[in-house]
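K.L.:
Just so it is clear: in the sequence shown, position 183 is 182 by numbering that gives the first Met the number 0, and no numbers are missing. The beta-carbon is built from N, C-alpha and C at its ideal position, and this holds for glycine as well.
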Amino acid sequence: MQSGAYLTRIGHEGPAPATVQTLHALTRAHTQAIPFENIDVLLGRPVRLESAAVFDKLVHQRRGGYCFEQNGLFLRVLQELGFSATGLGARVRLCTPDRSEIPARTHLLVCVELQGERWLTDVGFGALSLTQALRWEHGLVQDTPHDRRRLVHEDGRWFHQVWQEGGWVDVYEFTGEPMPESDRKVANWYTSTHPESTFMGQLMVARALPDGGRLTMVGNELRRRHPDGHMDARPVAPEQLHGVLLEHFGIRWPGEAAPSQD
Numbered sequence: 000m001q002s003g004a005y006l007t008r009i010g011h012e013g014p015a016p017a018t019v020q021t022l023h024a025l026t027r028a029h030t031q032a033i034p035f036e037n038i039d040v041l042l043g044r045p046v047r048l049e050s051a052a053v054f055d056k057l058v059h060q061r062r063g064g065y066c067f068e069q070n071g072l073f074l075r076v077l078q079e080l081g082f083s084a085t086g087l088g089a090r091v092r093l094c095t096p097d098r099s100e101i102p103a104r105t106h107l108l109v110c111v112e113l114q115g116e117r118w119l120t121d122v123g124f125g126a127l128s129l130t131q132a133l134r135w136e137h138g139l140v141q142d143t144p145h146d147r148r149r150l151v152h153e154d155g156r157w158f159h160q161v162w163q164e165g166g167w168v169d170v171y172e173f174t175g176e177p178m179p180e181s182d183r184k185v186a187n188w189y190t191s192t193h194p195e196s197t198f199m200g201q202l203m204v205a206r207a208l209p210d211g212g213r214l215t216m217v218g219n220e221l222r223r224r225h226p227d228g229h230m231d232a233r234p235v236a237p238e239q240l241h242g243v244l245l246e247h248f249g250i251r252w253p254g255e256a257a258p259s260q261d
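1. CB-CB under 6 Å to residue 260, same chain, minus the five flanking residues each way: which ones, in chain order?
2. Going by other Cβ atoms of all chains shown within 10 Å of its Cβ, with 16 needed for buried, is residue 59 buried or exposed?
3. Taking buried to mean at least 16 other C-beta atoms within 10 Å of its own C-beta, is residue 185 buried or exposed?
4. If contacts are defined as beta-carbon pairs under 8 Å, then residue 87 and residue 176 qualify, I think. What distance do you get, rounded to the angstrom?
5. So what does DSSP say about residue 199, is it helix, strand or coil?
6. Counting along the chain, where does the alpha helix (DSSP H) carrying residue 94 start and finish?
7. How long is the line joining the alpha carbons of residue 243 and residue 179, rounded to whole angstroms?
8. Using 8 Å for Cβ pairs, my map puts residue 37 next to residue 198. What's the rounded Cβ distance?
9. For residue 57, report the span of its alpha helix (DSSP H) as first-last.
10. Using 8 Å as the threshold, is the C-beta distance between residue 169 and residue 158 below it?
11. Less than 8 Å between the beta carbons of residue 68 and residue 48, yes or no?
12. Tell me, please, which residues DSSP counts as bridged to residue 281.
13. Should residue 10 go down as buried or exposed, given a rule of 16 or more other Cβ atoms within 10 Å for buried?
14. Give, in chain order, every unbroken run of the alpha helix (DSSP H) that is at least 4 residues long and sits entirely within the region 206-252.
15. Please list the terminal residues of the continuous beta strand (DSSP E) segment that includes residue 158.
16. Check whether the Cβ atoms of residue 246 and residue 232 sit closer than 8 Å, and answer yes or no.
17. Using alpha carbons as the reference points, say which of 195, 121, 114 and 155 lies closest to residue 83.
18. Which of the three DSSP states, helix, strand or coil, is assigned to residue 146?
19. Going by alpha carbons, who is nearest to residue 2 out of 75, 32, 31 and 205?
20. Could you tell me which residues DSSP pairs with residue 266 in its beta bridges?
21. Is residue 134 closer than 8 Å to residue 116 when the C-beta atoms are compared?
22. Round the Cβ separation of residue 171 and residue 103 to the nearest angstrom and send it over; I've been treating them as touching at under 8 Å.
23. Check the C-beta distance from residue 146 over to residue 162 and give it rounded, since I have them as a contact under 8 Å.
24. Terminal residues of the continuous beta strand (DSSP E) containing residue 116?
25. On the DSSP letters alone, give me the boundaries of the alpha helix (DSSP H) that residue 188 sits inside.
26. Take the Cβ of residue 252 as the centre, count every other Cβ of all protein chains shown within 10 Å, and call the residue buried at 16 or more, exposed below.
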C-alpha cells in the first residue's frame with residue numbers, strides 16, 4: 000500500500016494520526032473524492048479484490064467501485080496508518096425491509112477500535128455511504144455531515160438506520176462477525192455476476208458533495224440531493240453519459256483515452 004498516494008487522491012493534507020478526528024476526516028474525504036460505481040459489473044469485467052488491483056483502479060486510475068473495493072481499500076489504508084480496523088459482513092436491508100426475510104451477507108463495512116471504543120465506518124454504500132464514522136452504541140442518534148444515523152440492537156442483531164422522510168429506515172443488519180477475504184471473494188462473485196444482483200440491472204454512481212448534498216446517477220438519470228433534502232433530477236442521453244461521468248464524478252469510461260494536451 001502507498002498511503003501517501005491514497006491521501007493525495009482523496010485530498011487529505013497534513014498528518015493522519017490514528018484518532019477519531021482523522022477517522023471522521025478520512026471517511027468524509029473518501030466519499031467525496033472516490034465515487035461509488037458499478038461500471039465494470041455492467042461491462043462484464045471481473046471485479047478484482049487483490050490489494051494491488053484495487054489500489055491501482057481506485058487511486059492510480061482514479062476510478063470508483065463498490066463496497067468490497069471501497070471498504071477493502073479503506074480498511075487497508077486505516078491499518079497502514081496505525082488504526083486497529085477489521086472488516087465486518089452485513090446483510091443489506093434497503094431492498095428487503097421485511098425483517099422476517101434474511102438476505103445474503105453481501106456487504107462489507109469497517110469497525111475501528113480507538114481507546115476502548117468501537118466505531119463503524121462505511122465508504123462503500125452508494126448514495127448512503129457514511130461521511131462520518133458512527134460510535135457503535137445502541138440507540139444513539141448521530142448527526143453526520145449529510146444525514147442522521149443510529150445503530151439499534153434488536154433480536155440479537157444490529158441494525159444500521161438512516162432518518163428519511165420522518166422515520167428510521169434500515170440500511171443493513173450485522174452481528175459484528177468479521178468478514179475475511181475468503182467470504183468477500185464469494186460475495187463479490189455473487190454481486191458482480193448473478194442475474195439477481197442489484198448491480199447487474201442498471202448503472203449506479205454516487206458521491207457525497209462538500210456542501211452536505213449528494214450526487215447520484217441511477218440508470219439514465221442524474222440526481223442531486225440538496226442539503227435541505229429536496230432533489231433535482233434530469234435525464235442523460237446515451238451520447239452524454241461519458242461526459243457526465245467525467246464532469247460530475249471524475250470518472251473516465253474504461254478504455255477511453257484522455258484528450259491530447261497538444
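P.N.:
To lay it out plainly:
1. Here residue 260 is taken as the residue at index 261 of the sequence shown, counted from 1. Bear in mind that the predicted position of residue 260 carries a pLDDT of just 46, short of 50, making it unreliable; the figure below should be weighed with that in mind. Nothing meets the Cβ criterion.
2. Here residue 59 refers to the residue found at position 60 when the sequence shown is read from its first residue. Result: exposed.
3. In the sequence shown, residue 185 corresponds to position 186, counting from 1. So residue 185 ends up on the exposed side.
4. Numbered from 1 along the sequence shown, position 88 holds the residue referred to as residue 87. Numbered from 1 along the sequence shown, position 177 holds the residue referred to as residue 176. The pair is a contact, with the Cβ atoms about 7 Å apart (cut-off 8 Å).
5. Here the question's residue 199 lines up with position 200 in the sequence shown. Helix.
6. Residue mapping note: residue 94 aligns to position 95 of the sequence shown, counting from 1. That residue, residue 94, is in no alpha helix (DSSP H); it is neither H nor E in DSSP.
7. One-based indexing of the sequence shown puts residue 243 at position 244. One-based indexing of the sequence shown puts residue 179 at position 180. Using only the alpha carbons, I get a separation of about 36 Å.
8. Translated into the one-based positions of the sequence shown, residue 37 becomes position 38. Translated into the one-based positions of the sequence shown, residue 198 becomes position 199. Your pair residue 37 and residue 198 checks out as a contact, with CB atoms roughly 4 Å apart and the cut at 8 Å.
9. By one-based count along the sequence shown, residue 57 stands at place 58. Unbroken run through residue 57: none, as it is neither H nor E.
10. In the sequence shown, residue 169 corresponds to position 170, counting from 1. In the sequence shown, residue 158 corresponds to position 159, counting from 1. The answer is yes: Cβ separation under 8 Å.
11. Locating residue 68 in the sequence shown gives position 69, counting from the first residue. Locating residue 48 in the sequence shown gives position 49, counting from the first residue. Closer than 8 Å, so yes.
12. Here the chain covers residues 0 to 261 and nothing more, so residue 281 does not appear.
13. Along the sequence shown, one-based indexing puts residue 10 at 11. Exposed, because fewer than 16 other Cβ atoms sit within 10 Å of the Cβ of residue 10.
14. Correct list: 240-248.
15. The residue you call residue 158 lines up with position 159 of the sequence shown. 156-163 is the span of the beta strand (DSSP E), which, as asked, contains residue 158.
16. The sequence position of residue 246 within the sequence shown is 247, counting from 1. The sequence position of residue 232 within the sequence shown is 233, counting from 1. No, they are not a contact pair.
17. Sequence index remark: in the sequence shown, residue 83 carries index 84 (1-based). The shortest Cα separation from residue 83 among 195, 121, 114 and 155 belongs to 114.
18. Translated into the one-based positions of the sequence shown, residue 146 becomes position 147. Residue 146 sits in coil when the DSSP states are folded into three classes, being neither helix nor strand.
19. Taking the first residue of the sequence shown as position 1, residue 2 is located at position 3. The shortest C-alpha separation from residue 2 is found at 75.
20. No information on residue 266 is available, as it lies outside the stretch 0 to 261 that the chain covers here.
21. Sequence index remark: in the sequence shown, residue 116 carries index 117 (1-based). Sequence index remark: in the sequence shown, residue 134 carries index 135 (1-based). Yes, they are a contact pair.
22. Taking the first residue of the sequence shown as 1, we reach residue 171 at position 172. Taking the first residue of the sequence shown as 1, we reach residue 103 at position 104. Between residue 171 and residue 103 the beta-carbon gap is near 11 Å, outside 8 Å, which marks them as no contact.
23. Position 147 of the sequence shown holds residue 146. Position 163 of the sequence shown holds residue 162. At roughly 7 Å, the Cβ-Cβ gap stays under 8 Å, so residue 146 and residue 162 are in contact.
24. Translated into positions along the sequence shown, residue 116 becomes position 117. Boundaries of the beta strand (DSSP E) harbouring residue 116: 116-120, taken from the DSSP string.
25. In the sequence shown, residue 188 corresponds to position 189, counting from 1. Boundaries of the alpha helix (DSSP H) harbouring residue 188: 180-192, taken from the DSSP string.
26. Here residue 252 is taken as the residue at index 253 of the sequence shown, counted from 1. With fewer than 16 other Cβ atoms within 10 Å, it is exposed.
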